[in-house]
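Residue numbers (mature numbering (1 follows the signal peptide of the UniProt record, and there is no 0)): -20 to -1, 1 to 620. Quick reminder that beta carbons are idealized off the backbone N, C-alpha and C, glycines included. One structure is given below, encoded as structure tokens.
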Amino acid sequence: MKKIILLSLIVILFPLSITAQPNQRFDPSEATYLWPTNASHHLTSTFAETRTGHFHAALDIKTWGRKGYEIYATRDGVVHRLAVGPRGYGKVIYLKHDDGSFSVYAHLMSFNDRLQQFSDSLRFAENYVPSFDRVVEAENIRVKQGDLIAYSGASGIGPPHLHFELRTPDQRPFNPLKTNLTVRDNIAPKITGLSVEPLAPGSFVEGRKQIHTRRPRRQNGSYHFGTFDVSGRVGLGLNAYDQSNGVSNAYAVYELSMSVDGRELFRSKVDSFSYAETNQMFIDRVYPLLRSSGQAYQRLFVADGNTLSFYQTDGRKGQLALSAGEHAVEITATDYFGNKSRAFLTLRVHERSTPRFTGGQPRFFPKKIREIDINNWRWFDNWVLIPEEDYSELTVATPDPWRLTSHGENIIVDLDLLDNFFMNIPGMSPTIFHRMQPEHRGLITSVNRQAMALFPKHSFYDTVSVTLSAERFSTDSIRVIVGPEAYPLNKEYTLMVERDSMLTDTSKLAFYKHNKRYNRWYWIPTRFTDSHMIAETNTLGTFISRRDREPPRLSRPRLHQRPDGQWLIYINASDQLSGIDEKRTRISVNGQRGLGEYEPEDGRIVYYHPRFQPSSSMDIQVEIYDRMGNKTEQMFHLGQ
């Protein structure tokens, strides 16, 4: 009742338009949950934290960097699903409780005896395939609250920990702290940075058209960011983290609010979400900063295209279009247990006129030829800022000269209302930027018509401008650029490249995507028709086609005993391009075939057989493939 009264007061005092979280038809407070492990009562991660491409859906429980702690059923239920794999959740158990809700236990080392025998029987019966994912509810494997169901590990992605997830009957993850489960926390969140983001072509922050960040100074228990000079519509973002007693791990902040001149304009908190919307994490965060630096600034406004239900806002969704003069801003960061930190700043708003080009068609002609990377430009949904050293070498043509403005030594191309515009960019083929609207499918082609990209509806969160270029170097080698990389994608799209008429042998040929941050190429599943190479991908960027003829490498076999006593053999395994195909591995010791489990984060193949015991002389035979079918066969000998 207290929460309902508080919410009513907020509505009366501050006229906010509130989007409620969906009715889950389920009340977690009506059930009693058991803490699921004896490893610790400490967390390494909390609910809704930033992950590579989604919100974190669980609590991660600390296991002190070790494996083998006991994992217990948090409530009565039936084993609904079991999975084992080299990535993602690794070894994982899904329990279905008697009220239809679920609990999930991931990154396990092994299951209890009954589940491990069941898992082994499936894998050995299916030609020793090490991975599986199966709904097993029909087996009616019942567990009681507190039953030992598994042991903690580090399978899948990440160091040793327990990923503990609770879901409603309709598979929506919710914060386990909404139940009787708790941790000790009397530590207020730490605020480490503020971002100010220009949101319109006529917006400026500190005299520049780019996201401005600043660290705070601490004074009298609060955080102070000083004064920002801005003009036009802007949005704020906060970088902050929380902690709890007894450990040094950094967590997500549960609730954020922003007030301007004493009036609350924005509030967000996350108690639940659906898997269909989890990748909107990209636009809940300040994506350009997340992509370039990995820092997860949370927006204190609702970006265009964001349909998440986490927010209470004013009519402008927290986007600030303030009158000229000084405005006091207060930001509050609150953790789940009510510990608060406050930050203060001043926005000094200026009215600003923007110089525009007048007269005929604007064109800029190159002074000299050099390669230009459009990903170094500052891309926003409705404009792009091109630095002087680049635009002086461009030929730009737009249907309306008033869509171009100058800003110091930069040029601004206003993308809003433009269906497309043309640029001749050194280092790329002539380029057309196409305006893509999320509610429509989009098909774009390169100017030379050698490549095309088909975007389904809602591929993008908002209307953006996208280009595609293709350059062929040889019969089987082509570079395709789909850009800019500044825009996150909501769905996969299809990339199609015309096959060279002389290309008859497609063996070991595939697309690879360049990761600029890590300077690595990543394999993309590729198929062929008589006329095209085709791939599906969920990122923009630079792609090349190339052949992988190098087989994987194996080295350094060694014995290892798990905390539960099970003996294993580790063998280092690596592949330089397409990567290991874990489903095709064959491994035997003294003629006894076992499972070859792949652990990509540790770069090794693990020989597993439930009855394996080391002997004084062990001959190990390994057959391993990469994704392009290149094979390595190797014999090793181990002796005690």
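8 Å contact criterion, which residue i and residue j should meet: CB distance rounded
i, j, result
"S254", "R152", "5 Å"
"V185", "H22", "That belief does not hold up - the Cβ atoms of V185 and H22 are roughly 39 Å apart, past 8 Å."
"Y585", "I600", "Strictly speaking, residue 585 in this sequence is Ile, with Tyr absent from that position. I585 to I600, Cβ: 10 Å. No contact."
"E579", "P66", "6 Å"
"T522", "A276", "That pair is no contact at about 25 Å."
"L102", "A19", "That pair is no contact at about 28 Å."
"S449", "I461", "5 Å"
"D284", "D442", "4 Å"
Beta-carbon gap between residue i and residue j smaller than 7 Å
i, j, result
"H77", "G57", "yes"
"P16", "Y52", "yes"
"residue 629", "Y473", "As shown, the chain starts at -20 and ends at 620. That puts residue 629 outside it, with no answer to give."
"Y231", "D241", "no"
"K42", "T54", "no"
"S597", "G576", "no"
"L245", "D294", "yes"
"M615", "K488", "no"
"F35", "T258", "yes"
"L146", "S239", "no"
"D561", "D528", "no"
"D165", "S224", "yes"
"F453", "T486", "no"
"N92", "L39", "no"
Burial state of residue i, where buried means 16 or more other Cβ atoms lie within 10 Å
i, result
"E419", "exposed"
"W503", "buried"
"E119", "exposed"
"H617", "exposed"
"G126", "exposed"
"N470", "buried"
"Q556", "exposed"
"Y498", "exposed"
"Q278", "buried"
"P505", "exposed"
"M482", "exposed"
"M133", "Reading off the sequence shown, one finds Gly at residue 133, where the question assumed Met. Label assigned to G133: buried."
"L539", "exposed"
"K189", "buried"
"D264", "buried"
"S525", "buried"
"V477", "buried"
"T447", "buried"
"K496", "exposed"
Close Cβ partners of residue i (< 8 Å) along its chain, the five nearest in sequence each way excluded
i, result
"Q541", "W547, L548"
"D510", "R479"
"M89", "K47, G48, K71, A130, Y131, S132, G133, A134, S135, R542, P543, D544"
"G574", "Y108, I567, S568, Y587, Y588, H589, F592"
"Q96", "S90, P590"
"T455", "D480, M482, L483"
Close beta carbons around residue i, own chain, < 7 Å, minus the five adjacent residues each side
i, result
"A220", "P169, K170, I171, T172, V233, A313"
"Q299", "L179, R213, G215, F281"
"F435", "M416, R421, G422, Y473"
"V329", "V210, S211, L302, S303, A304, G305, H307"
"P139", "G45"
"G68", "G136, I137"
"G80", "P149"
"N3", "Caution is warranted here: a pLDDT of 44 is assigned to N3, below 50, making its placement in the model unreliable, and no coordinate value can be reported."
"E530", "Q556, L557, N610"
Nonlocal neighbours in the same chain, by C-beta distance under 6 Å from residue i, ignoring five residues either side
i, result
"N155", "F27, D251"
"F324", "H204, E310"
"A321", "Just to set this straight, residue 321 is Ser in the shown sequence, not Ala. A168, P169, I171, A313."
"R533", "S554"
"T159", "P8, Y13"
"N107", "none"
"E613", "E603"
"R247", "S237, Q292"
"T193", "G173, S175"
"I121", "V59"
"T425", "M432"
"I514", "M476, R507"
At 4 residues or longer, and completely inside the region 522 to 578: list those alpha helix (DSSP H) runs for me, N to C. Correct list: empty.
Where in the region 130 to 176 do unbroken runs of the beta strand (DSSP E), each at least 3 residues long, occur, reported from the N-terminal end onward? Fully enclosed beta strand (DSSP E) runs of 3 or longer: 141 to 147.
Start-end ranges of the alpha helix (DSSP H) lying completely within the region 222 to 269, minimum 4 residues: Counting only runs of at least 4 residues, the region 222 to 269 fully encloses the following alpha helix (DSSP H) elements, listed from N- to C-terminal order: 261 to 264.
Please list the segments of the beta strand (DSSP E) lying wholly inside the region 452 to 486, counting only runs of 3 or more residues, in order along the chain. Runs of the beta strand (DSSP E) inside the region 452 to 486: 457 to 463, 473 to 478.
Fully enclosed by the region 45 to 77, which beta strand (DSSP E) runs are 3 residues long or longer? Segments of the beta strand (DSSP E) lying fully in the region 45 to 77: 50 to 52, 57 to 64, 72 to 77.
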